[in-house]
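These notes concern the structure reproduced below.
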Amino acid sequence: MAVWLKAPEGTVRGGRVTIMGFGSLMDASSASQTMRGLNVRKGRVDGFCRVFNLVSIINIVRGHAKGRELATCTAVRRENSFLRVSLMDIDEEEYEAFARREARLRHEVVEFESDDGERGVGVICSAYSDEEYRRERVRDDDDYFQQVGKFYDGKLYRNDLLPVPNYLRMVVKAHMRQGGDFLDNFLDHSYLGDGTKMRDYEACKEMILSLSSDPDS
34 MAVWLKAPEG TVRGGRVTIM GFGSLMDASS ASQTMRGLNV RKGRVDGFCR
84 VFNLVSIINI VRGHAKGREL ATCTAVRREN SFLRVSLMDI DEEEYEAFAR
134 REARLRHEVV EFESDDGERG VGVICSAYSD EEYRRERVRD DDDYFQQVGK
184 FYDGKLYRND LLPVPNYLRM VVKAHMRQGG DFLDNFLDHS YLGDGTKMRD
234 YEACKEMILS LSSDPDS
(Lines of atoms letter the chains of each structure in order from A and count residues from 1; the text may use other names and numbers.)
(Lines give C-alpha, C1' and ligand atoms only; values in the text may rest on other atoms or scores of the structure.)
Protein backbone atom coordinates (compact mmCIF):
# COMPACT_ATOMS: atom_id res chain seq x y z
CA MET A 1 0.00 0.00 0.00
CA ALA A 2 1.26 3.50 -0.87
CA VAL A 3 2.52 5.49 2.12
CA TRP A 4 -0.08 8.26 1.65
CA LEU A 5 -2.90 5.74 2.12
CA LYS A 6 -1.72 4.94 5.65
CA ALA A 7 -2.41 7.06 8.72
CA PRO A 8 0.55 9.41 9.29
CA GLU A 9 2.98 8.55 12.03
CA GLY A 10 1.91 9.79 15.45
CA THR A 11 -1.79 10.22 14.60
CA VAL A 12 -3.14 6.83 15.72
CA ARG A 13 -4.48 6.70 19.27
CA GLY A 14 -6.31 3.62 20.48
CA GLY A 15 -6.69 2.41 16.90
CA ARG A 16 -8.29 5.67 15.75
CA VAL A 17 -7.29 8.83 13.88
CA THR A 18 -8.79 12.30 14.38
CA ILE A 19 -9.92 14.02 11.19
CA MET A 20 -10.63 17.76 11.09
CA GLY A 21 -13.56 18.73 8.90
CA PHE A 22 -13.87 22.35 7.74
CA GLY A 23 -15.72 21.95 4.42
CA SER A 24 -17.75 19.02 3.12
CA LEU A 25 -16.62 16.84 6.05
CA MET A 26 -18.60 19.12 8.37
CA ASP A 27 -21.72 17.75 6.69
CA ALA A 28 -22.60 14.44 8.36
CA SER A 29 -24.25 12.92 5.29
CA SER A 30 -21.26 13.77 3.10
CA ALA A 31 -18.73 12.43 5.59
CA SER A 32 -20.69 9.21 6.07
CA GLN A 33 -20.31 8.36 2.38
CA THR A 34 -16.68 7.50 3.13
CA MET A 35 -16.32 6.77 6.82
CA ARG A 36 -18.07 6.28 10.11
CA GLY A 37 -17.15 9.28 12.25
CA LEU A 38 -17.05 8.60 15.99
CA ASN A 39 -16.83 10.99 18.94
CA VAL A 40 -17.81 13.96 16.77
CA ARG A 41 -17.10 17.24 18.55
CA LYS A 42 -16.41 20.91 17.90
CA GLY A 43 -12.94 22.41 17.88
CA ARG A 44 -10.48 24.81 16.31
CA VAL A 45 -7.21 24.74 14.40
CA ASP A 46 -5.00 27.80 14.51
CA GLY A 47 -2.96 29.24 11.66
CA PHE A 48 -5.22 28.23 8.75
CA CYS A 49 -7.96 29.71 6.58
CA ARG A 50 -10.17 28.19 3.86
CA VAL A 51 -9.51 29.03 0.22
CA PHE A 52 -11.73 28.01 -2.71
CA ASN A 53 -8.89 27.05 -5.04
CA LEU A 54 -9.32 23.39 -6.00
CA VAL A 55 -11.23 22.20 -9.06
CA SER A 56 -13.85 19.67 -7.93
CA ILE A 57 -13.72 16.70 -10.29
CA ILE A 58 -16.59 14.88 -8.56
CA ASN A 59 -18.88 17.90 -9.01
CA ILE A 60 -17.90 18.17 -12.68
CA VAL A 61 -18.79 14.49 -13.09
CA ARG A 62 -22.13 15.03 -11.36
CA GLY A 63 -22.92 18.05 -13.52
CA HIS A 64 -22.87 20.55 -10.64
CA ALA A 65 -19.68 22.44 -11.60
CA LYS A 66 -19.58 24.59 -14.74
CA GLY A 67 -17.87 27.70 -16.06
CA ARG A 68 -15.79 29.30 -13.31
CA GLU A 69 -17.94 27.73 -10.57
CA LEU A 70 -15.63 24.76 -10.15
CA ALA A 71 -14.02 25.20 -6.73
CA THR A 72 -14.13 23.47 -3.39
CA CYS A 73 -12.08 24.72 -0.45
CA THR A 74 -8.77 23.67 1.00
CA ALA A 75 -7.04 24.65 4.24
CA VAL A 76 -4.24 27.16 3.64
CA ARG A 77 -1.77 28.42 6.21
CA ARG A 78 -2.47 32.04 7.12
CA GLU A 79 -1.13 34.05 10.03
CA ASN A 80 -3.75 35.27 12.55
CA SER A 81 -6.43 33.00 11.08
CA PHE A 82 -8.11 29.98 12.58
CA LEU A 83 -10.65 27.39 11.54
CA ARG A 84 -13.65 26.23 13.50
CA VAL A 85 -13.78 22.53 12.71
CA SER A 86 -15.72 19.35 13.26
CA LEU A 87 -13.44 16.81 14.91
CA MET A 88 -14.22 13.16 14.27
CA ASP A 89 -12.39 9.97 15.07
CA ILE A 90 -12.23 7.20 12.48
CA ASP A 91 -10.94 3.67 12.81
CA GLU A 92 -7.43 3.27 11.44
CA GLU A 93 -8.81 0.75 8.91
CA GLU A 94 -11.00 3.52 7.44
CA TYR A 95 -8.10 5.86 6.81
CA GLU A 96 -7.42 4.54 3.31
CA ALA A 97 -10.96 5.38 2.19
CA PHE A 98 -10.58 8.90 3.62
CA ALA A 99 -7.20 9.36 1.92
CA ARG A 100 -8.55 8.23 -1.46
CA ARG A 101 -11.55 10.57 -1.12
CA GLU A 102 -9.18 13.49 -0.50
CA ALA A 103 -6.43 12.37 -2.91
CA ARG A 104 -5.92 15.81 -4.46
CA LEU A 105 -5.20 17.46 -1.10
CA ARG A 106 -2.26 17.31 1.29
CA HIS A 107 -2.94 15.21 4.40
CA GLU A 108 -1.28 17.40 6.98
CA VAL A 109 -0.75 16.56 10.65
CA VAL A 110 -1.66 19.55 12.84
CA GLU A 111 -2.61 20.32 16.41
CA PHE A 112 -6.22 20.93 17.43
CA GLU A 113 -8.13 21.96 20.50
CA SER A 114 -11.70 20.84 21.15
CA ASP A 115 -14.30 23.09 22.75
CA ASP A 116 -14.01 20.88 25.83
CA GLY A 117 -10.30 21.67 26.17
CA GLU A 118 -8.94 18.44 24.67
CA ARG A 119 -5.67 18.94 22.82
CA GLY A 120 -4.22 16.56 20.29
CA VAL A 121 -3.02 16.02 16.74
CA GLY A 122 -4.94 14.88 13.71
CA VAL A 123 -5.20 15.19 9.95
CA ILE A 124 -6.48 18.18 8.01
CA CYS A 125 -6.82 18.42 4.22
CA SER A 126 -4.64 21.35 3.19
CA ALA A 127 -3.72 22.82 -0.18
CA TYR A 128 -1.53 20.61 -2.37
CA SER A 129 -0.28 21.41 -5.89
CA ASP A 130 -0.74 19.97 -9.35
CA GLU A 131 2.91 18.95 -9.47
CA GLU A 132 2.86 17.15 -6.11
CA TYR A 133 -0.40 15.40 -6.91
CA ARG A 134 0.91 14.02 -10.19
CA ARG A 135 4.24 13.04 -8.66
CA GLU A 136 2.98 11.47 -5.42
CA ARG A 137 -0.56 10.25 -6.06
CA VAL A 138 -0.69 9.29 -9.75
CA ARG A 139 1.00 6.26 -11.30
CA ASP A 140 1.30 7.47 -14.91
CA ASP A 141 -0.40 9.50 -17.63
CA ASP A 142 -3.12 6.89 -18.12
CA ASP A 143 -3.92 6.92 -14.40
CA TYR A 144 -4.15 10.71 -14.48
CA PHE A 145 -6.48 10.54 -17.45
CA GLN A 146 -8.77 8.10 -15.63
CA GLN A 147 -8.83 10.25 -12.47
CA VAL A 148 -8.91 13.72 -13.99
CA GLY A 149 -8.19 14.10 -17.69
CA LYS A 150 -11.31 12.53 -19.13
CA PHE A 151 -13.44 14.97 -17.11
CA TYR A 152 -11.36 18.14 -17.05
CA ASP A 153 -8.42 19.62 -18.95
CA GLY A 154 -6.46 22.24 -17.02
CA LYS A 155 -4.77 23.08 -13.75
CA LEU A 156 -6.44 21.69 -10.63
CA TYR A 157 -5.22 24.44 -8.31
CA ARG A 158 -6.29 27.88 -9.55
CA ASN A 159 -6.86 31.32 -8.04
CA ASP A 160 -9.48 32.45 -10.56
CA LEU A 161 -12.32 30.13 -9.53
CA LEU A 162 -15.69 30.54 -7.82
CA PRO A 163 -17.26 27.97 -5.49
CA VAL A 164 -19.44 25.17 -6.84
CA PRO A 165 -22.92 26.46 -5.85
CA ASN A 166 -24.30 23.24 -4.36
CA TYR A 167 -21.03 22.61 -2.49
CA LEU A 168 -21.08 26.14 -1.08
CA ARG A 169 -24.68 25.66 0.04
CA MET A 170 -23.81 22.40 1.80
CA VAL A 171 -20.83 23.95 3.59
CA VAL A 172 -22.70 27.12 4.62
CA LYS A 173 -25.61 25.04 5.87
CA ALA A 174 -23.26 22.82 7.89
CA HIS A 175 -21.70 25.87 9.56
CA MET A 176 -25.14 27.32 10.33
CA ARG A 177 -26.18 24.06 11.96
CA GLN A 178 -23.12 24.07 14.20
CA GLY A 179 -24.29 27.34 15.72
CA GLY A 180 -22.21 29.64 17.86
CA ASP A 181 -19.39 31.35 15.99
CA PHE A 182 -19.08 28.76 13.23
CA LEU A 183 -20.82 30.79 10.51
CA ASP A 184 -18.88 33.94 11.39
CA ASN A 185 -15.66 31.93 11.25
CA PHE A 186 -16.58 30.69 7.79
CA LEU A 187 -17.38 34.19 6.56
CA ASP A 188 -14.30 35.86 8.04
CA HIS A 189 -11.67 33.15 7.52
CA SER A 190 -12.64 31.86 4.06
CA TYR A 191 -11.58 33.35 0.74
CA LEU A 192 -11.88 33.07 -2.98
CA GLY A 193 -8.61 32.43 -4.75
CA ASP A 194 -8.31 36.14 -5.58
CA GLY A 195 -8.46 37.08 -1.89
CA THR A 196 -12.12 38.08 -1.69
CA LYS A 197 -13.47 37.29 1.77
CA MET A 198 -16.59 35.11 1.78
CA ARG A 199 -18.41 37.74 3.83
CA ASP A 200 -18.07 40.01 0.79
CA TYR A 201 -18.98 37.39 -1.83
CA GLU A 202 -22.47 38.25 -3.08
CA ALA A 203 -23.49 34.67 -3.92
CA CYS A 204 -22.63 33.61 -0.37
CA LYS A 205 -24.61 36.47 1.18
CA GLU A 206 -27.63 35.59 -0.94
CA MET A 207 -27.32 31.93 0.02
CA ILE A 208 -27.29 32.74 3.73
CA LEU A 209 -30.40 34.88 3.36
CA SER A 210 -32.14 32.05 1.50
CA LEU A 211 -31.15 29.45 4.09
CA SER A 212 -32.11 31.74 6.98
CA SER A 213 -35.64 32.11 5.63
CA ASP A 214 -35.95 28.47 4.55
CA PRO A 215 -33.46 26.17 6.37
CA ASP A 216 -34.78 23.11 4.55
CA SER A 217 -34.17 24.54 1.08
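My numbering applies: residue 34 is where the sequence shown begins, and numbers increase by one. The beta-carbon is built from N, C-alpha and C at its ideal position, and this holds for glycine as well. Values in this document were obtained by computation on a predicted structure and should not be read as measured data.
What number of angstroms, rounded off, separates the C-alpha of residue 68 from the C-alpha of residue 127?
-> Numbered from 1 along the sequence shown, position 35 holds the residue referred to as residue 68. Numbered from 1 along the sequence shown, position 94 holds the residue referred to as residue 127. Distance between the alpha carbons of residue 68 and residue 127: 6 Å.
Express the C-alpha separation of residue 86 and residue 192 in angstroms, rounding to a whole number.
-> As a first step, residue 192 must be located in the sequence shown, where it is residue number 159. As a first step, residue 86 must be located in the sequence shown, where it is residue number 53. Their backbone Cα atoms lie some 6 Å apart in a straight line.
Which same chain residues, not among the five before or five after residue 225, have their C-beta less than 6 Å away from its C-beta?
-> For the purposes of this step, residue 225 is taken as residue 192 along the sequence shown, with counting starting at 1. Only 85 meet the Cβ criterion.
Just mark residue 34 as buried or exposed, buried being the case when its beta carbon has 16 or more other beta carbons within 10 Å.
-> If you number the sequence shown from 1, residue 34 lands on position 1. Counting Cβ neighbours within 10 Å, residue 34 comes out exposed, since fewer than 16 surround it.
Close-in-space but distant-in-sequence residues of the same chain around residue 166 (CB under 6 Å, 5 per side omitted) = On the sequence shown, residue 166 is found 133 positions in, with the first residue counted as 1. Cβ neighbours of residue 166 beyond the five flanking positions: 137.
Hey, which unbroken runs of the beta strand (DSSP E) at 3 residues or more fall wholly within the segment 100-171?
-> 102-124, 139-147, 152-159
Starting from the C-beta of residue 218, find all residues in its chain whose C-beta is less than 6 Å away, skip the five residues before and the five after it, and write them out in chain order.
-> In the sequence shown, counting from the first residue as 1, residue 218 sits at position 185. Closer than 6 Å at the Cβ level, and outside the excluded window around residue 218, lie 117.
Please say whether residue 109 and residue 160 have beta carbons closer to each other than 8 Å?
-> In the sequence shown, the residue the question calls residue 160 occupies position 127. In the sequence shown, the residue the question calls residue 109 occupies position 76. It is a contact, given that the beta carbons lie within the stated cut-off.
Using a Cβ-Cβ cut-off of 7 Å (strictly less than) and excluding sequence neighbours within five positions of residue 76, which residues of its own chain qualify?
-> Indexing the sequence shown from 1 puts residue 76 at position 43. Cβ within range, chain order: 118, 120, 145, 146, 147, 148.
Grouping DSSP H, G and I as helix and E and B as strand, with all else coil, what is residue 191?
-> In the sequence shown, counting from the first residue as 1, residue 191 sits at position 158. It is coil, neither helix nor strand.
Below 7 Å CB to CB, which residues in the same chain sit around residue 199 once its five sequence neighbours on both sides are set aside?
-> Reading the sequence shown from its first residue, position 166 is the one you call residue 199. Excluding sequence neighbours, residue 199 sits near 97.
Straight-line Cα distance separating residue 107 from residue 204 = Along the sequence shown, one-based indexing puts residue 204 at 171. Along the sequence shown, one-based indexing puts residue 107 at 74. Cα to Cα, residue 204 sits roughly 12 Å from residue 107.
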